[in-house]
Amino acid sequence: MGEQKVSIMQGGTAMQRFVRNLLRDVQALEYMLENEMFETSPMRIGAEQEMVIVDSRTFKPACINMALLNKMKQYDWVGTELAQFNLETNLSPRVFTGTCLSDMDKENRMYLDMIRAKLKPMRADICLTGILPTLRKGDLDMRNLTPNQRYRALMQAIDSQSSNSTYELNLSGIDELSVKHDSPLLEACNTSFQVHLQVTPDTFVPMYNMAQALAAPIMAIAANSPIVFGKRLWHESRIALFQQALDIRSTHDHMRERSPRVSFGTGWLDKSLVEIYKEDISRFRVLLAGDTEEDSIAVLQEGGIPRLRALQVHNSTVYRWNRPCYGISENGMPHLRIENRVLPAGPTTTDAIANAAFWLGAMIGMGHTYKDIRTRVSWEDVRDNFAKAAQFGIDSAFNWFDDKKISACDLVLHELLPMAKQGLELRGVAAADIDKYLGTIEQRARDHMNGARWQLRTFTKLIKECTRDEALTVMTAAIVKNQWKDIPIHKWTMPELADLDDYRPSKLRVEEFMETDLFTVQQDDIIELVAEMMDWRKIRYMPVEDAQGNLCGLITSRLLLRYFSRKNRFNGKEATTVKDIMIATPTTVGPDMTIIEAMRTMRQNRIGCLPVVKGEELIGIITEMDFLRISARLIERLEK
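Just so we're aligned, residue 1 is where the sequence shown starts under the numbering used here, counting upward by one.
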């Protein structure tokens, strides 16, 4: 779960002291590698399960992780994550053999059941998905940051390094999302199932390169993060969202290359894992310092094993999708791990372990088959494959070994699954485990179905039948229901609106409900243009804005009727442009108002439209038709 005792790095002598410790940690690591001090057996695996806490009635985020953890103080396997609606559990390291996979599955399910039992009286539940569909931009307010020294320091450190006052998220898929946010808490959207594989110093380089090559097909078959803020984007939107959430770079006139702190890497590993640490220290400024200092060289001289605290802290602020990890085993010997961070949480525990089994088996099988994969595929193809998998998931087509062009499903079925099976057999994994978990992956590929594709199909179906918020709520309710039945994703059916017994939109905010695909005019446009546009688009209200997007007024169908009935005159004067007839100061609302308050405002003012503004900027509109749609759906539910 990371080093918690940290502080923001302010520079000066504190910075110099920490950097010296960081450099000594690298020297100590090189010494330990040269003198073969690392544990080489047994090979172990482990995992971290992240999750979102949701309100069991609305299926929106519930910011209660601290209250929950207060009820679970006796357990050291559960802890906080960045936002107060997140949790993380650490699964026990176990030897990679026998029933290790089913044992990990049972432990994961047991932990989740224990958490769920504690959440039930709090009217909450947990959801396993890469990005929660019902998550709203307002949920990422800094007030919802978990009150933890490390998280607070990390947010402050990123802010201090950023040259921008806002963080931007720009993604295009079926829909398009372009939004600004005032903090890097956007990162809290992401939840994953992080799998660890212990490797030896001698095998780290080839195994790490294999992890890089496997990242794309593994992510493609496991993708489960296609919807952000109600928009259908990349199949694994976590990849872009995480990078952009922590991206402190700014644009310049010259094309100087600057690496993001979240990245896939810049090339193959060549001789030693130390290359990764040296590159990350060279490329990225120190953000945090550990409050507990350690002279790692002195520890070695005294016959001890250093914890490499400074290196651990810096490594925790550079986010590679395949991350090197250093640790000390219970026997006191240091060990090395590769942490796979590309896998999203969910959709079920069976699916999560199936993803892990596929990756772990493929790693061993590929290592058995190929001595050095760099001779079979270029770094550029591997990097390109990763970008394709994030965008298109199970629909991707890859450039594979020996310049072969192959679809994700065919690659999984015909090459990687046999390799993964061989790898698990070489580790002595139980046949029943191999059949169950790799069989789950095989069926996904044959049915062309994973979590991302299910969500995209489901949401596209539901959005034609109800409001966006109700569609997201119905879908999230179905995810939670199916995950507790532990039905693998390839067997899920699409939900119906009637499957959700109780839909509660009363606390819905205007920003979740408003129409943002707006047709607008400007003050000097001719009135005939407005009339034609409103007729073409079948709309009754037309906002008037200036060139900067600020609201200037409002045109209604009633105003147009009055204008045309009086033969091009308005209030007794000649009228030709929008400015001559518009309502100059329309009643408006802000994005944080609830729809109940918005309805009351419309009723009290006897109006049928409310432009939504933030400051003076026009950001959306709601009309009586929007409320009619919600009311009709609620009446239909009551009838049923």
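Glycine included, every Cβ here is placed at the ideal spot set by N, Cα and C.
Quantities reported herein were computed from a predicted structural model and do not represent experimental measurements.
Reduced DSSP secondary structure (H/G/I, E/B, other) of C63
coil
What is the rounded straight-line gap between the Cα of R256 and the Cα of N86?
Only weak support is given to the placement of R256: the predicted model assigns it a pLDDT of 47, under 50, and the question is left unresolved by the model.
Could you give the distance in angstroms between the alpha-carbon of N170 and the alpha-carbon of R238?
12 Å
Give the range of the alpha helix (DSSP H) segment to which W359 is assigned.
Going by DSSP, W359 is part of the alpha helix (DSSP H) stretching over 349-369.
Status (buried if at least 16 other CB within 10 Å, exposed otherwise) for M51:
buried
Going by beta carbon distance, what residues of the same chain come within less than 7 Å of A240, once the five residues before and after it are set aside?
L171, W234, A390
What are the start and end residues of the beta strand (DSSP E) that includes E470?
Looking at the DSSP string, E470 is not in any beta strand (DSSP E); the run it does join, the alpha helix (DSSP H), is 468-485.
Cross-strand partners of K404 (DSSP beta bridge):
W400
Euclidean distance between Cα positions of Q244 and G572
55 Å
W400 versus K120, T594, Q212, Y75, residue with shortest Cα-Cα distance:
Q212
Check the DSSP bridge columns for G615 and list the partner residues they point to.
Partner(s): none; G615 has no beta bridge.
Might you give, ordered along the chain, the residues of its own chain that have their beta carbon closer than 8 Å to the beta carbon of Y503, omitting 5 neighbours on each side?
E470, T473, V474, R633, L634, R637
Is it right to say E528 is buried, meaning 16 or more other beta carbons lie within 10 angstroms of its own, or is it exposed?
That one is exposed.
Applying the criterion that 16 or more other CB atoms from any shown protein chain within 10 Å of the CB defines a buried residue, is L628 buried or exposed?
exposed
Write down every uninterrupted run of the beta strand (DSSP E) in the segment 58-113 whose length is 3 residues or greater and which is fully enclosed by it, in chain order.
78-80, 86-95
Would you mind reading off the limits of the alpha helix (DSSP H) that contains G451?
451-462
Is it buried or exposed for K538, if we count other Cβ within 10 angstroms and need 16 for buried?
It is exposed - the Cβ of K538 has fewer than 16 other Cβ atoms within 10 Å.
Does the Cβ of E465 have 16 or more other Cβ atoms within 10 Å, making it buried, or fewer, making it exposed?
exposed
Give the straight-line distance between the Cα atoms of D626 and K485, rounded to the nearest whole angstrom.
35 Å
Less than 8 Å between the beta carbons of T134 and K60, yes or no?
The answer is yes: Cβ separation under 8 Å.
Less than 8 Å between C-beta atoms, sequence neighbours within five positions excluded: which residues of the same chain meet that for T203?
G367
Alpha carbon to alpha carbon, what distance is there between R152 and T594?
30 Å
Can you give me the start and stop residues for the alpha helix (DSSP H) that R562 sits inside?
Following the DSSP letters along the chain, one finds R562 inside the alpha helix (DSSP H) bounded by residues 557-565.
Runs of alpha helix (DSSP H) wholly within the segment 162-245 (minimum 4 residues, chain order):
201-222, 238-245
Taking a contact to mean a Cβ-Cβ separation below 8 Å, would you say G130 touches T191 in this structure?
yes
If you reduce the DSSP assignment to three classes, tell me which class V274 lands in.
helix
With 16 other Cβ atoms within 10 Å as the buried cut-off, status of E532:
exposed
Could you tell me the alpha carbon to alpha carbon distance between V299 and R444, rounded to whole angstroms?
Those two C-alpha atoms are separated by around 50 Å.
So does D524 have its beta carbon nearer than 7 Å to some heavy atom of the ligand SAM?
Among the components modelled here there is no ligand, and therefore nothing to report on the ligand SAM.
Spatial neighbours of Q422 in its chain, beta-carbon cut-off 6 Å, leaving aside the 5 residues before and after
G365
Can we say the segment 138-152 touches the segment 180-191, given the rule of at least three CB pairs closer than 8 Å?
Verdict: yes, contact present.
Tell me which residues share the same chain as Q198 and place their Cβ nearer than 6 Å to its Cβ, disregarding the 5 neighbours each side in the sequence.
M43, R44, H335, R337
Backbone CA spacing between E236 and L214 [nearest angstrom]
Roughly 15 Å separates the two Cα atoms.
Beta bridge counterpart(s) of M542 as assigned by DSSP:
I555
Range covered by the alpha helix (DSSP H) that runs through N315
309-315
With H, G and I counted as helix, E and B as strand and the rest as coil, what does DSSP make of H490?
Residue state, collapsed to three classes: helix.
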